[in-house]
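Engineer: This is the structure I want to talk about, given as structure tokens.
So this is what it looks like as structure tokens:
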């Protein structure tokens with residue numbers, strides 16, 4: 001353990017060294033340097049405070065990014081689930097409209113009647129199926145207004161002057177649309 005004489009000696013020695021360092025520097029320079037030191041300390045404190053403020057803002061931004069990322073991920077999952085639900089509901093609606101048609105076809109296949117009775121049953125089932133399509137806002141693509149490449153698929157062409165330009169002569173397979181969307185193009189034979 002150091003004794004008090006050693007401590008006094010060290011303090012005196014430090015004072016002597018300090019005095020030697022400032023020898024040759026006048027009082028005005030010392031005051032100027034002390035002012036500069038105070039200025040630097042003040043600037044350092046301001047920069048330190050600004051740094052803390054920026055670190056806090058950065059931390060808040062990082063938290064916000066994490067929160068927004070989680071919200072977006074939840075939104076994406078929720079949207080996918082809703083989309084799947086809409087698709088399932090749409091399929092159910094379509095199937096509910098088709099079940100009665102299937103029931104009638106099954107009944108018709110079990111009937112022991114004449115060909116005329118079976119034909120009558122098939123015609124009724126076709127009408128019922130068309131009614132189901134109407135409920136789903138599906139309509140047959142018209143062919144009486146001439147060939148339209150946006151609605152028809154020309155699979156055959158015939159040169160016959162008795163028909164008008166781009167007239168649909170024969171329909172091989174009916175086409176259907178819902179609103180403006182074509183579900184199936186009509187397969188047709190086109191004249192001229």
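In the numbering used here, the protein residues as written are 1 to 192.
C-beta atoms are modelled at their ideal positions from N, C-alpha and C, and glycine is treated no differently.
What number of angstroms, rounded off, separates the C-alpha of residue 178 from the C-alpha of residue 167?
Structural biologist: Straight-line Cα distance between these residues: approximately 23 Å.
Engineer: What separation, rounded to the nearest whole angstrom, lies between the Cα atoms of residue 183 and residue 93?
Structural biologist: Using only the alpha carbons, I get a separation of about 17 Å.
Engineer: Given a threshold of 16 other Cβ atoms within 10 Å of its Cβ, counted over all protein chains shown, does residue 147 qualify as buried or as exposed?
Structural biologist: The residue in question, residue 147, is buried, as its Cβ has 16 or more Cβ neighbours within 10 Å.
Engineer: For residue 189 and residue 155, which I take to be in contact (beta-carbon distance under 8 Å), what is that distance rounded to the nearest angstrom?
Structural biologist: Residue 189 to residue 155, Cβ: 7 Å. Contact.
Engineer: With 16 other CB atoms within 10 Å as the buried threshold, where does residue 191 fall?
Structural biologist: Residue 191 should be labelled buried.
Engineer: Mind checking whether residue 141 and residue 176 have CB atoms under 8 Å apart?
Structural biologist: Yes, the pair counts as a contact, with Cβ atoms nearer than the cut-off.
Engineer: Which same chain residues end up closer than 6 Å to residue 138 when comparing Cβ atoms and leaving out the 5 residues on each side of it in sequence?
Structural biologist: Cβ within range, chain order: 176, 178.
Engineer: Could you check whether the Cβ of residue 58 sits closer than 7 Å to any heavy atom belonging to the ligand COA?
Structural biologist: Annotation note on the ligand COA: not contained in the displayed structure, which lists no ligands.
Engineer: To the nearest angstrom, how far is it from the Cα of residue 36 to the Cα of residue 45?
Structural biologist: Approximately 14 Å, taken between the alpha carbons.
Engineer: To the nearest angstrom, how far is it from the Cα of residue 136 to the Cα of residue 55?
Structural biologist: Between residue 136 and residue 55, the C-alpha separation is close to 60 Å.
Engineer: Please confirm whether residue 111 and residue 129 have their CB atoms less than 8 Å apart.
Structural biologist: Not in contact: residue 111 and residue 129 (Cβ atoms no closer than 8 Å).
Engineer: Looking only at its own chain, which residues have a Cβ that is under 8 Å from the Cβ of residue 81, when we skip the five neighbours before and after it?
Structural biologist: Counting only Cβ-Cβ distances below 8 Å, and skipping sequence neighbours, we find nothing.
Engineer: Buried or exposed: residue 69, going by 16 or more other Cβ atoms within 10 Å of its Cβ?
Structural biologist: Residue 69 is exposed by the Cβ-count criterion.
Engineer: Buried or exposed for residue 79, please, with buried defined as at least 16 other CB atoms from any protein chain shown within 10 angstroms of its CB.
Structural biologist: Per the 10 Å Cβ criterion, exposed.
Engineer: For residue 108, tell me which candidate among 124, 98, 144 has the shortest Cα-Cα distance.
Structural biologist: Per the Cα distances, 124.
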